[in-house]
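All residue numbers for the sequence shown refer to the numbering used here, where the first residue is 75 and numbers rise by one. Note that the Cβ used here is the ideal one computed from N, Cα and C, for glycine as well. A quick note: this is a predicted structure, and the numbers were derived from the prediction, not measured. Inspection log for the structure reproduced underneath, given as structure tokens.
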Amino acid sequence: MIPFVDLKTQYARLAPKIDARIARVLQHGQYILGPEVAELEAELARFCGARHAVTLASGTEALRVPMMAEGIGPGDAVFMPAFTFTATAEVPVAQGADPVFVDVDAGSFLMSAADLERQIARVRAEGKLRPRAVVAVDLFGLPADYSELSAICTREGLFLLSDAAQSFGGTRANRCVGTMAPVTATSFFPAKPLGGYGDGGAVFLEDGKLADVYRSIRMHGAGEDRYDIVRLGTNARLDTLQAAILLAKLEIFPEELERREAVARRYDEQLSGVVATPERVAGARSAWAQYTIKVDRRAAVANRLKADGIPTAIHYPKPLHLQPAYSRYGRGPGSLPVSEDLSSRVLSLPMHPYLEEPTVDRIAAAVRRAVES
Ligand SMILES: Cc1ncc(COP(=O)(O)O)c(C=O)c1O
């Protein structure tokens, strides 16, 4: 079976560096907020050009901490695409706020600005919830159009949070993910473009005072003294060991992003005209967390590929408004037609920097056979 994501080959390449980094942590023994955490924050900020990076325990915590800092809670409406991973919605719900699901564009898989404006107007007209925030999701690695979204949020007085769990390393309009929205949250889940060996995440922002608030929240709301509790916080720190591993991986991340782009281009060349390939957006570069095509008869195609030794995945089989946990916040089947249609047709193919050209060609040939059979 071809690996869907190949962390073993990556480790074989990086083993001496990762092992040395881990050994150093074991020697100094500062497992919580050790020196590697600050070092990683400086390197991450430098990589993307953000003024501040605050590392956190996961991508989910990277969504939660900014929402806690904003005081988002009961009575607040948080707008987000329905076609995303559950973490985007579970955080505002856990804060007591209501997610308001927005449809996406069929080509880019990204939140539709036109539908966002419609949903904001609808919520205002209903008068039950207070519009507070928009969470834009850079699905599959493609950055959203933050200039358009920022204009809407500024006009409407809404906090804009970028869920860049899948897109760290991506660019759009000459800006790197981490600098496009007022606050950007990413994930270092192992399968992400920049992944650790466990959970991890980070937020990026320009505002130094707010970065200090996030650092306080991740450490139980501590003030100058750790037992001086100045606000409600939580435990959301990134482990020193994960920071050490990520530092080794960050060194080769630019090259890995180039490889992901090359794999995506090769898939495009072989598959355009055969299936619907991911839309290219002028001036944008995806981090290619996923290479996701659209097919009819998806189950049959996936089964054929499996028989050929090619794993696939479905991101995501149900839009959030149709998930039992969120149905009370949605308006039922038919309310977000593009998200519903995509959920029945998307299929992600193996994508990682260590996919060799002949393997990409083999996968593409198998896709061709599967859709034509
Ligand atoms: C869009 C999106 N948001 C949030 C998350 C949450 O990240 P984590 O798994 O690191 O908590 C993920 C990934 O898992 C994701 O894909």
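What runs of the alpha helix (DSSP H), each 4 residues or longer, lie entirely inside the region 81-123?
-> 81-102, 109-122
Candidates I437, A195, S409, M185: which alpha carbon is nearest L213's?
-> The shortest C-alpha to C-alpha distance from L213 to any of I437, A195, S409, M185 is the one to M185.
Is any heavy atom of ligand 1 found at a distance shorter than 8 Å from the C-beta of S290?
-> no
Please confirm whether A207 and L190 have their CB atoms less than 9 Å apart.
-> For A207 and L190, no; Cβs fall outside 9 Å.
Taking the C-alpha atoms as reference points, what is the distance between A136 and A143?
-> 11 Å
Where are the alpha helix (DSSP H) runs, 4 residues long or more, that stay fully inside the region 333-412, in chain order?
-> 372-381
For S367 versus A440, is the C-beta distance shorter than 9 Å?
-> This sequence places Ile at residue 367; Ser is not what is there. Not in contact: I367 and A440 (Cβ atoms no closer than 9 Å).
Separation of A296 from D80, as counted between CA atoms | In this model, D80 and A296 are separated by some 39 Å (Cα to Cα).
Hey, would you say P155 sits closer than 9 Å to V211, going by beta carbons?
-> The beta carbons of P155 and V211 sit closer together than 9 Å.
Measuring from each Cβ to the nearest heavy atom of ligand 1, keep the ones under 6 Å and list them in chain order.
-> S132, G133, T134, T158, F159, A161, T162, V211, D237, A239, Q240, S261, F263, D273, G275
Counting Cβ pairs closer than 8 Å, one from the region 96-103 and one from the region 230-249, do we hit at least three?
-> With the rule of 3 Cβ pairs closer than 8 Å, the region 96-103 does not count as touching the region 230-249.
Could you round the C-beta distance between G147 and G170 to whole angstroms and report it? I think they count as a contact, below 8 Å.
-> About 5 Å separates the Cβ atoms of G147 and G170, confirming a contact at the 8 Å cut-off.
Is it buried or exposed for P352, if we count other Cβ within 10 angstroms and need 16 for buried?
-> buried
Just the C-alpha distance for H26 and D299, rounded to the nearest angstrom, thanks.
-> The structure shown has nothing for residue 26, since the chain only spans 75 to 447.
Using only alpha-carbon positions, find the residue among L423, Q84, S447 that is nearest to M75.
-> Checking every option, the nearest Cα to that of M75 belongs to L423.
Checking contacts by CB at 9 Å: is G252 closer than that to chain B?
-> Considering every chain present, this structure includes no chain B. It has just one protein chain.
So does the region 162-179 actually touch the region 304-323, counting three or more Cβ pairs closer than 8 Å?
-> no
Could you pull the start and end residues of the alpha helix (DSSP H) that P166 belongs to?
-> 161-168
Which same chain residues, not among the five before or five after D342, have their C-beta less than 6 Å away from its C-beta?
-> T351
Can you tell me which of I96, E430, M141 puts its alpha carbon nearest to the alpha carbon of A338?
-> Relative to the Cα of A338, the nearest Cα in the group I96, E430, M141 belongs to E430.
Return the Cβ separation of I303 and V139 in integer angstroms, given the expectation that the two are a contact with Cβ distance under 8 Å.
-> Actually they do not touch by this definition, with Cβ atoms about 16 Å apart.
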